[in-house]
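J.:
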Amino acid sequence: MASRTSGKGSQSTAGTSKKRAGQSGGAAKKAAAKKAPAKKVPAKKSAAPAKKAAAKKAAAKAAPPPAPNPTSGVFRIVRAVWMGMARGVAAMFRGIGRGAKGLDPAHRKDGSALLLFALALIVAAGTWSNLDGPVGGLVEMLITGAFGRLDLVVPILLGIIAVRLILHPERPEANGRIVIGLSALVIGILGQVHIACGAPGRGQGTEAIQDAGGLIGWAVSRPLIYLMGEVLAVPLLVLLTVFGLLVVTATPVAAIPQRLRQLGVRLGLVRDHEDGYAPEAGYDAAEYADEWRETPARRPRRTSLAKEDPDVAGGPERAEEEALRKRRRSRRSSSVQPPLDRPLDAVDVAAAAAASLDGAVLHGVQPSPLVAGLSNGISGEREEGAASGGVPVARDADKEPGKSGARGKAAGGKDRPDGAGEEDPHQVPDLTRPAVEAGEPLPPRAEQLQLSGDITYSLPSLELLERGGPGKTRSAANDAVVDSLTKVFTEFKVDAAVTGFTRGPTVTRYVVELGPAVKVERITALTKNIAYAVASPDVRIISPIPGKSAVGIEIPNSDREMVNLGDVLRSADSVGDDHPMIVGLGKDVEGGYVAANLATMPHVLVAGATGSGKSSCINCLITSIMARATPDDVRMVLVDPKRVELTAYEGIPHLITPIITNPKRAAEALQWVVREMDLRYDDLAAYGFRHIDDFNAAVRKGKVKEPEGSERELRPYPYLLVIVDELADLMMVAPRDVEDSIVRITQLARAAGIHLVLATQRPSVDVVTGLIKANVPSRLAFATSSLADSRVILDQPGAEKLIGKGDGLFLPMGANKAIRMQGAYVTESEVEAVVEHCKAQMAPVFRDDVTVGTSRKKEIDEEIGDDLDLLCQAAELVVSTQFGSTSMLQRKLRVGFAKAGRLMDLMESRGIVGPSEGSKARDVLVKPDELDGVLDVIRGKAHS
21 MASRTSGKGS
31 QSTAGTSKKR
41 AGQSGGAAKK
51 AAAKKAPAKK
61 VPAKKSAAPA
71 KKAAAKKAAA
81 KAAPPPAPNP
91 TSGVFRIVRA
101 VWMGMARGVA
111 AMFRGIGRGA
121 KGLDPAHRKD
131 GSALLLFALA
141 LIVAAGTWSN
151 LDGPVGGLVE
161 MLITGAFGRL
171 DLVVPILLGI
181 IAVRLILHPE
191 RPEANGRIVI
201 GLSALVIGIL
211 GQVHIACGAP
221 GRGQGTEAIQ
231 DAGGLIGWAV
241 SRPLIYLMGE
251 VLAVPLLVLL
261 TVFGLLVVTA
271 TPVAAIPQRL
281 RQLGVRLGLV
291 RDHEDGYAPE
301 AGYDAAEYAD
311 EWRETPARRP
321 RRTSLAKEDP
331 DVAGGPERAE
341 EEALRKRRRS
351 RRSSSVQPPL
361 DRPLDAVDVA
371 AAAAASLDGA
381 VLHGVQPSPL
391 VAGLSNGISG
401 EREEGAASGG
411 VPVARDADKE
421 PGKSGARGKA
431 AGGKDRPDGA
441 GEEDPHQVPD
451 LTRPAVEAGE
461 PLPPRAEQLQ
471 LSGDITYSLP
481 SLELLERGGP
491 GKTRSAANDA
501 VVDSLTKVFT
511 EFKVDAAVTG
521 FTRGPTVTRY
531 VVELGPAVKV
541 ERITALTKNI
551 AYAVASPDVR
561 IISPIPGKSA
571 VGIEIPNSDR
581 EMVNLGDVLR
591 SADSVGDDHP
601 MIVGLGKDVE
611 GGYVAANLAT
621 MPHVLVAGAT
631 GSGKSSCINC
641 LITSIMARAT
651 PDDVRMVLVD
661 PKRVELTAYE
671 GIPHLITPII
681 TNPKRAAEAL
691 QWVVREMDLR
701 YDDLAAYGFR
711 HIDDFNAAVR
721 KGKVKEPEGS
731 ERELRPYPYL
741 LVIVDELADL
751 MMVAPRDVED
761 SIVRITQLAR
771 AAGIHLVLAT
781 QRPSVDVVTG
791 LIKANVPSRL
801 AFATSSLADS
811 RVILDQPGAE
821 KLIGKGDGLF
831 LPMGANKAIR
841 MQGAYVTESE
851 VEAVVEHCKA
861 QMAPVFRDDV
871 TVGTSRKKEI
881 DEEIGDDLDL
891 LCQAAELVVS
901 TQFGSTSMLQ
911 RKLRVGFAKA
921 GRLMDLMESR
931 GIVGPSEGSK
941 ARDVLVKPDE
951 LDGVLDVIRG
961 KAHS
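Numbering (the numbering used here), first residue to last: 21 to 964.
Structure representation (structure tokens):
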């Protein structure tokens, strides 16, 4: 039954399938008919291979299994251990590499120097003592094979380079020049040695080449000999050697005789300025002596190694020294040059040499001790030609009896006191004592700001200012910030990428480039998210970076660096400019030094909260002026209402008056500056000049002369720098007088060579008024406490996001966006060293007319106070009109009701008007013809 049932079922199924196949159409039948032959043909062809494969499988199953290998387990264990050790070593080296990125550059340079030392020791052992073993063979093959007979010199060169890296790690700018020079020097010498040894070739064997100039000498000399023969090859190689030597020592061809003479002096073969040595006319002895000038602080550091390497010996290998020489030469050429119609005597040569050793030769200050020592024992035959000598004597002081510089008589030869003949004729006069007060009244016209006499002045050496270490260019913290920024952009789906960064001493600017069709606002909207990601609240976004199609994100460094003032003043930009008003400010975000010229600013406002770095900036400005300018170049007026900030500079010769601490006297000093400015403009207008620099150049060249019969002596005007440490204290005492003086100075004083530096820690609108802001174009903002203060200083936000301690924004005149920088820092010991050097040159020469108004003006009546001039105007108005009305005083004098009523009460107490009669005008008790007497009475009472 079961079978039947199943058969029926199969039949029914088959029938059903047949019906469905019939319903599907003839297409399926045709396809089946096509496929059937295709399946049958390959089956016939592959029948034999299938049988063979089956036979092989059967044989494989029938074969017995192989015996186990006892060493396979050991091999796996050894392989696992070896791979584990390899991975561990690789991880260790990767960790070392990541740590090396964050290593201090100074340590990296020290490591390179020590590595060169080690290499020099290995090479010395292999070449000097025939080191055995594979290392000795490798050294002989490489060093001896390459350098030939000069292989003994290779370790010495490596040692010299290592010493230079250790002694001068902060001067990498000369490395390229030294590499080029050494390469030319070595190639030239090896080529000559190879030719001198017979120029062996490859046919004579490797040993013959090693006994000559080595592989380098063969490669250099062989082509030259083949092309032009030994007759021309040797001179060309000699020229190449000389070129390399000149490049290494940074010696121009024109200075070779002077360098050889200086070398002879150092070796003791030639005496400095020996008898019989007379330079030709037109020879500038100080010009080339300046090139080998060394400060006393650097002389004891010379060692025997310095003789082998001019670089180590402190030779002029740096670009900044070349720029310094150019600056001094241009300054000498701009000064009055003596006539060359007579030969230079011994005093000329000695003074020029002493000045070149001590510093720049400029006029107006007393000689340094070195000049005095060189002048001892030299005959004084120069009195007749003193006016045209190499070191001119002081001018006659009796031409200017009112000037405190009358001490020039002691320096001149003809105006020497009677008692001077009893002294030693070879003794240098003491010019360090202050001038004797003449006691005469001041002249009606104030004299020029010029020191009497032409005396050698020594600028402070920049070595008195400390050097800072090399700045970091990358650290592990920078890489972590880059990863955090990339992660933020990915999370917020912003098509942007960090393409690089520039690290500064305080902040690092990360450069972010946007993808196509990405708005800049999407980056600026992520400010808080970026601050959260990098764990720093002080994030500043610059969109875009000036001059780039990129967005800048400034993030503070976790490891801040200090910027030394000495590094800023030693930079190429600072040294290359000979202007005396160049000051060092700091270092920008890109790692470049920031220096500014106060003469082109021309006035600057420095503001910031307490502890933001404002006082350090003022110290850097003053120290920069002292380090670069003589008192003949720049004179200063320092106003210090705090009484403690600028006391370190008391007594420097650049001061024109003692440091002013009284705010009332400060206001009067500003009024004196206005008078000085007017006097300078009178001279400019009288002689037809538009700027004080043009006037000074004409005076130095002798193109401007005083009118006939005038006793005045025209001399160049120095720059006048006025520094106010706290403007708020002055504005509290005399706001109107201070503001009027500042506005008048800032409007007109640029062409007169007068410049203002205004500093305040309270940059509010009542201190930094609109008139002051409009006339002070350059701004320097440190960290402020609010956005309003930033807008007062910079007219834009940004200062409120600074992190303090010297972090500032510098907005020079004409710039649209401020430059972020880290302000320079100068220590108290550095300031003290520079100040002591300046004080040792000369005592300060003060002007008596700066505070002359304070000395002559007596105390004003407390009842009148500061309203003396206004009271005189009111009395003149009331008496002349015979109408005593308070409302009239309001209209005519443009004062308020309270001020007008007070003036009327003052006139009533002095008998000018009668008592008040209500709304009626007061009776005038003085007649118009008595007005002069009334004014005298008022002024007399005011000065009583």
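Every residue, glycine too, gets a C-beta built ideally from N, C-alpha and C.
Locate the beta strand (DSSP E) running through Pro738, then write down its first and last residues.
T.: Segment: none, Pro738 is in no beta strand (DSSP E) and carries neither H nor E.
J.: With a threshold of 6 Å on Cβ separation, who are the neighbours of Arg453 within its own chain once the five nearest residues in sequence on each side are excluded?
T.: Bear in mind that a pLDDT of 39 at Arg453, under 50, signals an unreliable position, so the number given afterwards is only what the model happens to contain. Answer for Arg453: no residue qualifies.
J.: So, is Met927 buried or exposed, given that buried needs 16 or more other C-beta atoms within 10 angstroms?
T.: buried
J.: Between Thr630 and Ile765, what straight-line distance do the alpha-carbon atoms span, to the nearest angstrom?
T.: 28 Å
J.: Between the segment 624–641 and the segment 779–793, do three or more beta carbon pairs fall short of 8 Å?
T.: yes
J.: Along the beta strand (DSSP E) that carries Tyr669, what are the first and last residues, could you check?
T.: Run containing Tyr669: none; DSSP gives neither H nor E here.
J.: Give the DSSP-derived three-state secondary structure of Lys721 in the structure shown.
T.: Helix at Lys721.
J.: Take Phe903 and list the residues in its own chain whose beta-carbon comes closer than 8 Å to its own, dropping the five residues that flank it on each side.
T.: For Phe903, where only same-chain residues beyond five positions count, the Cβ hits under 8 Å are Ala941, Val944.
J.: Output needed for Ala22: all residues of its chain with C-beta closer than 7 Å, excluding positions within five of it in sequence on either side, in chain order.
T.: Model confidence at Ala22 stands at a pLDDT of 41, short of 50, so the residue's coordinates are unreliable; what they give is reported in the following sentence. There are no such residues.
J.: Could you pull out every residue in the same chain whose Cβ sits closer than 8 Å to the Cβ of Leu202, ignoring the five residues on either side in sequence?
T.: Leu177, Gly264, Val268
J.: Alpha carbon to alpha carbon, what distance is there between Ala232 and Leu16?
T.: The chain is shown from 21 up to 964; residue 16 falls before or after that span and cannot be answered.
J.: Using only alpha-carbon positions, find the residue among Arg523, Asp608, Ile743, Ser132 that is nearest to Ser495.
T.: Arg523
J.: Between Asp952 and the rest of its own chain, which residues show a CB-CB distance below 6 Å, the 5 nearest in sequence each way excluded?
T.: None.
J.: Taking all protein chains shown into account, decide if Glu759 is buried (16 or more other Cβ within 10 angstroms of its Cβ) or exposed.
T.: buried
J.: Using only alpha-carbon positions, find the residue among Gly843, Asp809, Leu135, Val812 that is nearest to Gly824.
T.: Gly843
J.: Excluding the five sequence neighbours on either side, which residues of its own chain have a C-beta within less than 6 Å of the C-beta of Ser525, listed in chain order?
T.: Just to set this straight, residue 525 is Pro in the shown sequence, not Ser. Shown here for Pro525: same chain residues with a beta carbon closer than 6 Å to its own, the five before and five after excluded, namely Glu581, Val583, Lys607, Gln842 in chain order.
J.: Could you name the residues that DSSP lists as bridge partners for His775?
T.: Leu741
J.: For Ile712 and Asp702, I'd like the C-alpha separation in whole angstroms.
T.: 11 Å
J.: Can you look up Asn549 in the DSSP assignment and give me helix, strand or coil?
T.: helix
J.: Rounded to a whole number of angstroms, what is the C-alpha to C-alpha distance between Leu235 and Val174?
T.: 14 Å
J.: Have a look at Gly773, Ile743, Val654 and flag the residue whose alpha-carbon is nearest the alpha-carbon of Leu704.
T.: Gly773
J.: Tell me which residue opens and which closes the beta strand (DSSP E) that Asp499 is part of.
T.: Element bounds for Asp499: not the beta strand (DSSP E) but the alpha helix (DSSP H), 496–511.
J.: What's the C-alpha gap between Thr677 and Asp652?
T.: Going by the C-alpha atoms only, they are around 15 Å apart.
J.: How far does the alpha helix (DSSP H) with Lys634 in it extend, from its first residue to its last?
T.: From DSSP, the alpha helix (DSSP H) with Lys634 extends over 634–648.
J.: Helix, strand or coil for Thr519 per DSSP?
T.: strand
J.: What is the DSSP secondary structure of Met582, reduced to helix, strand or coil?
T.: coil
J.: Provide the residue(s) that pair with Phe802 in DSSP beta bridges, ordered along the chain.
T.: Gly828
J.: Look at Ile602 and Ser556 and say whether their C-beta atoms are less than 8 Å apart.
T.: Not closer than 8 Å, so no.
J.: Quick check on Ile645 - is its C-beta less than 8 Å from some C-beta in chain C?
T.: Absence of chain C from the displayed structure is noted, only one protein chain being present.
J.: Less than 8 Å separating the beta-carbons of Val664 and Leu741?
T.: no
J.: Opposite Ala627 in the DSSP bridges: which residues?
T.: Thr780, Ala801
J.: Per DSSP, which residues does Pro480 bridge with? Please list them.
T.: According to DSSP, which records beta bridges pairwise, Pro480 is partnered with nothing at all.
J.: Any idea if Ile116 is buried or exposed, counting beta-carbon neighbours within 10 angstroms, 16 or more meaning buried?
T.: exposed
J.: With 16 other CB atoms within 10 Å as the buried threshold, where does Ser806 fall?
T.: So Ser806 ends up on the exposed side.
J.: Pro661: buried (16+ other C-beta within 10 angstroms of its C-beta) or exposed?
T.: buried
J.: Are there 16 or more other CB atoms within 10 angstroms of the CB of Lys634, so buried, or fewer, so exposed?
T.: buried
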